[in-house]
Amino acid sequence: MFNNLSERFVATVKNLTGRGRLTEANIKESLREVRTALLEADVALPVIKVFIDDIQAKAIGKEVIGSLRPGDAFIQVVNDELIKVLGESNQVLNLRVEPPAIILVVGLQGSGKTTTIAKLARWLKETEKKSVMVASADVYRPAAIKQLETLAEQVAVNYFPSTPEQNPVDIAKAAIAKAKLQFNDVVIIDTAGRLHIDQQMMLEAKEIHNAINPIETLLVVDSMMGQDAVNAAKAFAQGLPLTGIILTKADGDARGGAALSMRVVTGKPIKFIGVGEKIDALEPFYPDRIASRILGKGDILTLVEDVKRKIDEKKAKKLADKFQKGKGFDLEDFRDQLQQMRNMGGVAGLVSKLPGIGNLGQAGKMINDQNFVKMEAIINSMTPRERHFPALIKGSHKQRIARGSGTEVQDINRLLKQFMQVQKMMQRFKGPKMAEMMKRLQGNIS
Ligand SMILES: Nc1nc2c(ncn2[C@@H]2O[C@H](COP(=O)(O)OP(=O)(O)OP(=O)(O)O)[C@@H](O)[C@H]2O)c(=O)[nH]1
Ligand SMILES: [Mg+2]
1346 MFNNLSERFV ATVKNLTGRG RLTEANIKES LREVRTALLE ADVALPVIKV
1396 FIDDIQAKAI GKEVIGSLRP GDAFIQVVND ELIKVLGESN QVLNLRVEPP
1446 AIILVVGLQG SGKTTTIAKL ARWLKETEKK SVMVASADVY RPAAIKQLET
1496 LAEQVAVNYF PSTPEQNPVD IAKAAIAKAK LQFNDVVIID TAGRLHIDQQ
1546 MMLEAKEIHN AINPIETLLV VDSMMGQDAV NAAKAFAQGL PLTGIILTKA
1596 DGDARGGAAL SMRVVTGKPI KFIGVGEKID ALEPFYPDRI ASRILGKGDI
1646 LTLVEDVKRK IDEKKAKKLA DKFQKGKGFD LEDFRDQLQQ MRNMGGVAGL
1696 VSKLPGIGNL GQAGKMINDQ NFVKMEAIIN SMTPRERHFP ALIKGSHKQR
1746 IARGSGTEVQ DINRLLKQFM QVQKMMQRFK GPKMAEMMKR LQGNIS
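Adding 1345 to a residue's 1-based position in the sequence shown gives its number in my numbering.
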C-alpha cells in the first residue's frame, strides 16, 4: 500500500536537501510534487486542497534549526499533516458495555465483511482475550452463512447457526440472547451486501441496527475501489450511525487514496485495515505509523507487534540458543526460520514495514513467498539425516530430493548455498557478540 506515494514523497525530499531554509520559492516546487503525488494516489480533491494549504502555511519560513536539514524539516510538516488527515490517533473499539458488546458489520457486496469478521473475532480473542461469538444475518446467499461457519471454526470462536429461511432481525436478536446466556464478551453480526447502495439494503441495515442497538457499527470498504469506496462510505454514514470503518485489501492497493480521503470526507475513523487474504491479516489502524510508512520511514512498531504475536516462542528460543553456541544450526532450523517468516504475514507484508525498503531493488524482488514455499518443499523431501548433516548430500541424493519436491537439482544447489551463507553468518555472531546484540534488540523493543 502507498508504494507510489511513498516513492514520490521520498524523491521530493531528496530535492530539498542542501537548501538552507524553507522559503516560498523552494517549497513551491516541492508542494507541486506533493500535489501531483496525491492526485496520482487518487486522494479526494477537497482533501488535497486542505493538505496543500496546511503544509504551505506551516512550512514557509520554518527555520531549519540545528542539524535538521530542509528536507527533514519539510518532511516533518508533511508527516504531521498526513497524521492529521489519517485521523490523528488509533481509535480503539468501544467494548465498554455490559456484555455482550454488540458489533454490527455492514458494507457493499464483496467488500470483505465476512472475512473481516473472522479476522476481527480472532484478533479480539487472541489480543484482547475476549470470548467472541459470530452470527450471519446474510439470508440471501445460503453459501454466505456456511462461509462464516467455516471461518468461525478456523479461528475457533463461537458460531451461532442461522438459515436462509429466517428473518435477519430475528437471527441477530437470537444470537445476542444466546451470547448473553453463554457469557460471551462480544458478538459480531454479519449482514448481506448489495452491489449498490439501495433503499432496501439501507432499510434492512437500519432495521437490524434499531433492533439490536450495537455499540459498534462498522462499515467494511474495499480500498481498491478508491474514490468509489469513499463515496459509498459517505452514503452509508448518512444512513446509519457508523462508529468506524475497516479498510480491506490494502495489500492490493498501491495508491492509498481511499485511506487518505476516508476520515476527512466521511468524518468516521478507520479502525482497522485488512492487509491480506489470510486470517491474521488485520491490523489496528495507527495514523502515525501509516504516515511513517508513506514517508519511507517504515513501520517498526507494527513489525515488532507482528513478531511478538506470531513468532513461536519455543522455536525462537531454541534458535536463539543455537545462535549463542554458534553451532548445530541445521536445515531443520533453517526451515523453521522460513516458516516463521511466512507466518508473519508473508515476506511481502514483512518487507513493506521495513524502512528504506524501496532502495532494495533487484535483491528485494528475489525475496518472495513462492521461493520460500519451494525451499521448504526441498527441505521436506530430505531425510532427517540429510537435514542434520547437509554436507552428506551428494549428486544422486540431490536428484531424489529434486524429484520429491518437484524442483531441479540446481534449486537444491541454490538452497544449500543459501543455507551455508546463513550458517556462516550465524557463526560470526556466536558467543558474547550475539548475546550483546540480543540484549540491545530487546532494549529497542521494549
Ligand atoms: N487481498 C485481500 N483480500 C481480501 C481482504 N479482505 C477480504 N478479502 C477477499 O475479498 C473477497 C470477498 O470477501 P468476503 O468476506 O466474502 O466479502 P463480503 O463482503 O462478505 O461479501 P458478500 O457477503 O458477498 O457481500 C474474498 O476473496 C476475501 O478473501 C484483504 O484484506 N486483502
Ligand atoms: Mg459475506
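The beta carbon of each residue, even a glycine, is placed where N, CA and C say it ideally should be.
Return the first residue and the last residue of the beta strand (DSSP E) that residue i is part of.
i     : result
D1535 : V1531 to D1535
S1481 : V1477 to S1481
L1627 : L1627 to P1629
Tell me the DSSP secondary structure of residue i in three-state form.
i     : result
L1540 : coil
V1451 : strand
T1495 : helix
I1560 : coil
A1446 : strand
V1502 : coil
L1304 : The structure shown does not extend to residue 1304, since the chain is modelled only from 1346 through 1791, so no value can be given for it.
S1412 : For S1412, the predicted structure reports a pLDDT of 48, less than 50, and the residue's modelled location is therefore unreliable. The matter cannot be settled from this model.
D1387 : coil
K1613 : coil
G1619 : strand
V1437 : coil
V1566 : strand
T1508 : coil
G1788 : Legend: pLDDT at G1788 = 41, less than 50; position of this residue unreliable, no value from coordinates given.
L1640 : coil
T1381 : helix
G1701 : The predicted model places G1701 with a pLDDT of 48, which falls under 50 and marks its position as unreliable, so this point remains unresolved.
Under 7 Å: does the beta carbon of residue i sit that close to some heavy atom of ligand 2?
i     : result
K1458 : yes
G1538 : yes
A1556 : no
A1489 : yes
D1573 : no
Run the proximity test for residue i: is its beta-carbon closer than 7 Å to any non-hydrogen atom belonging to ligand 1?
i     : result
Q1793 : Residue 1793 lies beyond the stretch modelled for the chain, which goes from 1346 to 1791, so this question has no answer here.
K1616 : no
Q1768 : no
E1622 : yes
D1596 : yes
A1626 : yes
V1484 : no
V1565 : yes
G1452 : yes
T1495 : no
T1562 : no
G1619 : yes
G1589 : no
Report yes if the C-beta distance between residue i and residue j is below 8 Å; otherwise report no.
i     : j     : result
V1566 : A1574 : yes
I1590 : L1563 : yes
Q1768 : F1630 : no
D1625 : I1428 : no
I1462 : I1516 : no
V1379 : I1397 : yes
E1426 : D1399 : yes
V1502 : V1484 : no
G1571 : K1594 : no
F1505 : A1488 : no
A1466 : V1430 : no
T1611 : A1578 : yes
V1451 : L1585 : yes
Q1401 : L1361 : no
T1536 : E1561 : no
N1349 : R1600 : yes
G1432 : R1608 : yes
Q1492 : P1614 : no
F1717 : M1686 : yes
E1731 : Q1684 : no
Considering just the uninterrupted stretch of the alpha helix (DSSP H) at residue i, what are its terminal residues?
i     : result
R1730 : P1729 to H1733
K1525 : P1513 to L1526
K1458 : K1458 to E1471
L1361 : N1348 to L1361
G1749 : G1740 to S1750
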